[in-house]
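Step one of this worksheet: look at the structure below.
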Amino acid sequence: MGNGSANYWLQTFRLASRNLFRNKRRTSITLVSIALSVALTSFMRFFTYGSHQEIIDEVVELTTGYLQVSAYGWIESRRNLNRALDYTAELEKELEHPDVTVISPRIESGALAASGDHSAFVHVQGADPTREKMVTKVFERIKKGDYLAEDYRAKEGKEGVEIHQIVVGQRLADNLEADVGSEISLVGSRFDGSTGAVIARIVGIVKTGNPELDGNYVWTDLQTSRELFSPGNPEQGIVRYTSIALGAKNALVAKRIYDDLSERFPRPQTELSPENSRNYDPVVLYWDDLNQDLVQYLVLDQLGNEVTLAFLIIIMASGVLTTVEMSLHERKREFGILMAIGTRGSQLIRVVLLEVILLLFWGMLPGILIGVGVGYYFQFNPIVLGGEFSEAVQEMGGVSTLRAIVDFQETYIAILSLAIPSLVLSYLAIRRIPKLKPVEVINTL
29 MGNGSANYWL QTFRLASRNL FRNKRRTSIT LVSIALSVAL TSFMRFFTYG
79 SHQEIIDEVV ELTTGYLQVS AYGWIESRRN LNRALDYTAE LEKELEHPDV
129 TVISPRIESG ALAASGDHSA FVHVQGADPT REKMVTKVFE RIKKGDYLAE
179 DYRAKEGKEG VEIHQIVVGQ RLADNLEADV GSEISLVGSR FDGSTGAVIA
229 RIVGIVKTGN PELDGNYVWT DLQTSRELFS PGNPEQGIVR YTSIALGAKN
279 ALVAKRIYDD LSERFPRPQT ELSPENSRNY DPVVLYWDDL NQDLVQYLVL
329 DQLGNEVTLA FLIIIMASGV LTTVEMSLHE RKREFGILMA IGTRGSQLIR
379 VVLLEVILLL FWGMLPGILI GVGVGYYFQF NPIVLGGEFS EAVQEMGGVS
429 TLRAIVDFQE TYIAILSLAI PSLVLSYLAI RRIPKLKPVE VINTL
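Residue numbers for the sequence shown follow my numbering, so the first one is 29 and each next one is one higher.
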């Protein structure tokens, strides 16, 4: 029984292969069309995936890092200072992980920055400068001046007022008409509801190309942010931070750390919404939790790319369908004769459907190789934009490095998205074969 079945399928395969190249010119054109469609679809998916990863790396490595630990509800409350996290020795011990390169506590909140007659509402992020260099790369984007000094102590200025240090974005400096050396007043609301204020001198100006970072962010040290926001009282042994950034070598390592720490810090189940809950237990946040706006942008961009690819898929599937329809039309008389001598319609369907599968296979194979080859080339040789065009792209939320990343999951998606519509449309055409009337089609020329 097994040998008979194997022989049947072997004969079916031979027959389908022979029928496939009856019209060599038409088949060759269809194969080239399929190969180019698969190559283009695969490359576009690799390029989109690579571009999105570049955007993620760009934003994450300048702001949040890949991982943070915060109090439950901090993100949902839009990073409200009232949901600061108590930092204890027990928590510090639980954060220890072999893949965590650094633990960098942060204090961040909103404040009013003023210089002369100009003012702006800014987001102040305070952290240890040494540790932050292992989490973010803001220090690499200093355009003018220097990054925050390590172990900085506020210096007494005029009238006995302590002068702190800050780094600001280029656009913010322009809006405040300030420069390196200028003194800025920062006024913010403290943890207990009182008003905090500091005078800080600009030691460096950053230009990231990101409008939000360059126009709204102020970076400083923990001493300054404690003075401004006072989330805890170290003298009484109360140490609080709004979040704790964790350093990781790359995104893959960060994902592994996130999975491990999520088991140590399970997300609380409360009746109230997270931002209104009285539960302040620590929770682990991944980059997509910390950057919801970025996630929404990537989803919309992916949706636009899928619409573009859908047209390409429809064109390729229509080409395969046309080839099948032409083949069926030319072989009507042949099908009629075969059905007249006892061949079942289901057998003919299997033969023709196998022809379509072979057509897709031999067309997709070189297409995949071409797409992967081109993808690997642009993965190791990315396009780096420069000059004013690069700045314009960054202003619109893009990145100056255009890179493709070969991901075989994207390859599977490309193959299935092209093969399934082609097979479905072809089957709808092929299923008409059993409805042919042998006497009528045999007499046709």
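Don't be surprised by glycine CBs; every beta carbon is placed ideally from N, CA and C.
- Our two residues, Ser305 and Ile342, have alpha carbons roughly 50 Å apart in a direct line.
- When beta bridges are read from the DSSP output, Gln153 appears opposite Glu136, Trp247.
- As for any beta strand (DSSP E) of minimum length 3 sitting wholly inside the region 270 to 346, the runs are 271 to 274, 310 to 314, ordered along the chain.
- It is roughly 58 Å from the alpha-carbon of Gly260 to the alpha-carbon of Val66.
- For the pair Val384 and Ser428, the CB atoms are not nearer than the 7 Å cut-off.
- In the DSSP annotation of this structure, Ser210 is not part of any beta strand (DSSP E), being labelled neither H nor E.
- For Leu456, the enclosing alpha helix (DSSP H) covers residues 436 to 458.
- Taking all protein chains shown into account, Gly224 has 16 or more neighbouring C-beta atoms within 10 Å of its C-beta and is therefore buried.
- In the structure shown, Ser253 falls within a helical segment according to DSSP collapsed to helix, strand and coil.
- By alpha-carbon distance to Asn244, the top candidate from Gly197, Asn307, Gly275, Thr336 is Gly197.
- Under the 10 Å beta carbon count, Glu86 is surrounded by 16 or more other beta carbons and is classified as buried.
- Around the CB of Gln193, 16 or more other CB atoms lie within 10 Å, so the residue is classed as buried.
- In this structure Phe71 is buried. Its beta-carbon is surrounded by 16 or more other beta-carbon atoms within 10 angstroms.
- Counting along the chain, no beta strand (DSSP E) covers His125, and no H or E run does either.
- The C-beta of Lys186 has fewer than 16 other C-beta atoms within 10 Å across all chains shown, which makes the residue exposed.
- Buried is the label assigned to Tyr115, since at least 16 other Cβ atoms lie within 10 Å of its Cβ.
- With fewer than three CB-CB distances shorter than 8 Å, the region 436 to 445 does not count as touching the region 78 to 92.
- Counting other Cβ atoms within 10 Å of its Cβ, Ser301 stays below 16 and is therefore classed as exposed.
- Closest in alpha carbon position to Asp288, among Asn51, Leu176, Leu313, is Leu313.
- No residue range can be given for Arg359, since it is assigned to no beta strand (DSSP E) and is classified by DSSP as neither H nor E.
- In this structure, Gly216 places its C-beta atom within 7 Å of the C-beta atom of Ala139.
- Secondary structure at Lys186: helix, using DSSP grouped into helix, strand and coil.
- Proximity of the region 172 to 180 to the region 91 to 106 falls short of the contact definition, fewer than three beta-carbon pairs being nearer than 8 Å.
- Leu318 is a Cβ neighbour of Thr92, given a cutoff of 7 Å.
- With a beta-carbon spacing of about 4 Å, Ser98 and Ser271 fall inside the 8 Å limit used to define contacts.
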